[in-house]
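Chemist: Protein chains in written order, with my numbering: chain Z, 81 to 602; chain S, 7 to 180.
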């Protein structure tokens, strides 16, 4: 990949991260070159406010080239008086949301972005509110004036589809089921969805700002509360980022515990998700069966870690519990779960109404998936072998033998089957992890962060790749914590997948992606 | 925090009077100890709950969903989750109530028929939890709508939710 990067002025290597600082004239060319010629994937894009260091804002764009473990990070410095940067979205659609988010949170404007509307904030937030700028603050009185239901401060219209026979169906943010809030605006012709615009960020909690308030060691508690069902993966990715930044090396034992629990998390999620899809096809027996297996696995989680969501295990520097001490319990429960899972799969694949409903529903083409940077189950179901465990081996994943399962169809069926295959894969991985003993302390002592040190952390959640990027300030406190959950990349793909399907199939399509709102909205 | 809970429990209680339409004497209800029988008497065997996520991490919702699986099977107590606030007796709210969900929560509350109960589910619904003091949250359900009780936990387990509901109904009938 060297030729593409010869325009880079400054290059800095840190572990498997290659930082290349470019100026604004080269920014587009370098990124486009990586995306088009090297088929690089845009993994995440974010801004930082480093004005206390050298008076500059910086944009970071993280690319990975398939087949390489290295992360190529293009850095664009920006002066405070010219708060704009060339938009990448026209060539790299995956940058679409990131750029709008940067505009909302930092007030840095992407020049030439095709959709300059707000993303994170709805209409009631003042135009000059950029919470992630270091000099931004809000008084208590102003805080009262902030929020939904107050005066419209910046108009935030929906994209309108007009024409004969087109009806608008607004849904949400409070939904009929027990799910998270989000607004969906369907433009339908009869029953067929012509266009869907999701409006999310109802659960925007200012998580990234909150990370800056907490120290690095306490941040793991917040990371575990970003997205409920991926709590452990969030904790693990956050800890990995902080450990890499501080130059800490976790023990083999800690790595083994993290790998095992990551797979346990994947297991209960995948089985639960397959059960939930049955709720979308009105297969009540399948739903109940999936829920029972999931519940038993979550009860195992309590016995192992004290939390049904595997919280409190990760700490910066290692883990707090040795789950291998309860190996018998794990094996016994897995034995039972494997048996039940086989019955469950037989029930699903043997149910004509279920299979008929999920086949050919909610198709996402490989091309769109690649352009939007879709990740995880959704990407693999559309033929993209995107698995961060395989492409960037970490923890003990390089010792385990497994495949990144792919399907070509990109429909709900493919996403179900990917989950089924990964469930089996996870079970065998857990068994393999239990076979050998691991040495070392549970956790190593915490170090301090060097001024302005930074690092990436990543994990494969049940939904897809998850990234954390952390940077310390002069005193070793968090200057910036960026998190990118898999749902953030997959949400923009949902409108493409449901196009041409009927409105009653939307819940099914949505469940097959199983996206986290809280993880997206941050 | 404690002060706030007491304030909510004691002062706001008047805003939600005892359900007259359910023709049960408060004294009579106090004697009912069994959860099942309590629901039978007070709500005529049906307590309908509307669950609203006001910015939680989704763990509380999954615990709510778990209540309906064959292991906990909340329906056997006559309790069920309903799709519309207009059918609900009790509003179960999770999350620190983000500023962008505040209006939706107020509207959901307004859409419920009297008498109504509000229960905050989880630590962040209580006082903002780990998100306390952030620009984007209102630090708990109590700051937005009157709350009758809190179920602590992050997230509260399905059993804790069930027990919490029982205790709150107990208090409500006294």
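Each residue gets a CB set at the ideal place from its N, CA and C atoms; glycine is no exception.
1. When you compare the CB of residue 148/S with every CB in chain Z, is at least one pair closer than 7 Å?
2. Tell me the rounded alpha-carbon separation between residue 140/S and residue 290/Z.
3. Express the C-alpha separation of residue 167/Z and residue 108/Z in angstroms, rounding to a whole number.
4. Just the Cα atoms here: how many angstroms apart are residue 318/Z and residue 339/Z?
5. Please confirm if residue 407/Z has its CB atom under 7 Å from at least one CB of chain S.
6. Return the Cβ separation of residue 352/Z and residue 370/Z in integer angstroms, given the expectation that the two are a contact with Cβ distance under 8 Å.
7. Can you grab the Cα-Cα spacing for the pair residue 203/Z / residue 228/Z, in whole Å?
8. Grouping DSSP H, G and I as helix and E and B as strand, with all else coil, what is residue 146/Z?
9. Assign residue 307/Z to one of two classes, buried (16 or more other C-beta atoms within 10 Å of its C-beta) or exposed (fewer than that).
10. Hey, how far is the Cα of residue 136/S from the Cα of residue 416/Z?
11. Ignore the nearest five residues each way along the sequence and tell me which others in residue 95/S's own chain have a CB closer than 7 Å to its CB.
12. For residue 293/Z, tell me which candidate among 332/Z, 243/Z, 214/Z, 158/Z has the shortest Cα-Cα distance.
13. Shortest alpha-carbon distance to residue 137/Z belongs to which of 356/Z, 452/Z, 212/Z?
14. Quick check: the Cα distance between residue 257/Z and residue 147/S, rounded to an integer number of angstroms?
15. If the cut is a Cβ gap below 9 Å, which residues of chain S does residue 286/Z touch?
16. Could you work out which residues of chain S lie near residue 308/Z, taking near to mean beta carbons separated by less than 8 Å?
17. Measuring only the C-alpha atoms, how far is residue 454/Z from residue 586/Z?
18. Less than 7 Å between the beta carbons of residue 597/Z and residue 262/Z, yes or no?
19. So which residues of chain Z does residue 99/S contact, with C-beta pairs closer than 7 Å?
20. Identify whether residue 528/Z lies in helix, strand or coil by the three-state DSSP scheme.
21. Taking residue 124/Z as part of the beta strand (DSSP E), name the residues at either end of that continuous run.
22. Check whether the stretch 550 to 561 of chain Z touches the stretch 296 to 314 of chain Z, counting contact only when three or more Cβ pairs, one atom from each stretch, lie closer than 8 Å.
23. Let me make sure I understand the geometry here. Which of 379/Z, 381/Z, 139/Z, 354/Z has the alpha-carbon closest to that of residue 368/Z?
24. I'd like to know whether the C-beta atoms of residue 397/Z and residue 524/Z end up nearer to each other than 7 Å.
25. Would you decide whether residue 519/Z is buried or exposed? Buried here means 16 or more other CB atoms lie within 10 Å of its CB.
26. In the DSSP assignment, the beta strand (DSSP E) including residue 272/Z goes from what residue to what residue?
27. In the structure shown, what three-state DSSP assignment does residue 397/Z receive?
28. Since I believe residue 313/Z is in contact with residue 546/Z (beta carbons under 8 Å), could you give me their beta-carbon distance rounded to a whole number of angstroms?
29. I'd like to check one pair, residue 132/S with residue 93/S: are the Cβ atoms closer than 7 Å?
Modeler: This is what the structure gives:
1. Output row for residue 148/S: interface = no.
2. Taking the Cα positions, residue 140/S is about 7 Å away from residue 290/Z.
3. Rounded to the nearest angstrom, the two C-alpha atoms are 8 Å apart.
4. Looking at the two C-alpha atoms, the distance is approximately 14 Å.
5. Against chain S, the CB of residue 407/Z has no partner CB under 7 Å away; the residue lies outside that interface.
6. Approximately 6 Å separates the beta-carbon atoms of residue 352/Z and residue 370/Z; this is inside 8 Å, confirming the contact.
7. Roughly 8 Å between the two C-alpha positions.
8. DSSP, read as helix, strand or coil, puts residue 146/Z in coil.
9. If you draw a 10 Å sphere on the C-beta of residue 307/Z, you find 16 or more other C-beta atoms in it, and that means buried.
10. Across the structure, residue 136/S and residue 416/Z are spaced so that their CA atoms are roughly 37 Å apart.
11. Closer than 7 Å at Cβ, skipping near neighbours: 49, 53, 54, 122, 123.
12. Measuring from the Cα of residue 293/Z, the nearest candidate turns out to be 214/Z.
13. With distances taken between Cα atoms, residue 137/Z lies closest to 212/Z.
14. Their backbone Cα atoms lie some 20 Å apart in a straight line.
15. Chain S residues near residue 286/Z: 104, 137, 140, 141, 142, 143.
16. Going along chain S in sequence order, the residues near residue 308/Z (Cβ under 8 Å) are 62, 63, 64, 65, 66, 67, 68, 161.
17. If I take the Cα positions, the gap works out to 19 Å.
18. Yes, the Cβ-Cβ distance between residue 597/Z and residue 262/Z is below 7 Å.
19. Simply none; closest approach about 11 Å.
20. Three-state result, residue 528/Z: coil.
21. In the DSSP annotation of this structure, the continuous segment of the beta strand (DSSP E) that includes residue 124/Z starts and ends at 121 to 130.
22. Yes, since at least three Cβ pairs between the stretch 550 to 561 of chain Z and the stretch 296 to 314 of chain Z fall closer than 8 Å, the two stretches touch.
23. Of all alpha-carbon atoms in 379/Z, 381/Z, 139/Z, 354/Z, the one lying nearest the alpha-carbon of residue 368/Z is that of 354/Z.
24. Yes. Within cutoff.
25. With fewer than 16 other beta carbons inside 10 angstroms of its own, residue 519/Z counts as exposed.
26. First-last of the beta strand (DSSP E) with residue 272/Z: 272 to 279.
27. The answer is coil: DSSP assigns residue 397/Z none of H, G, I, E or B.
28. That pair is a contact at about 6 Å.
29. Contact flag unset, no.
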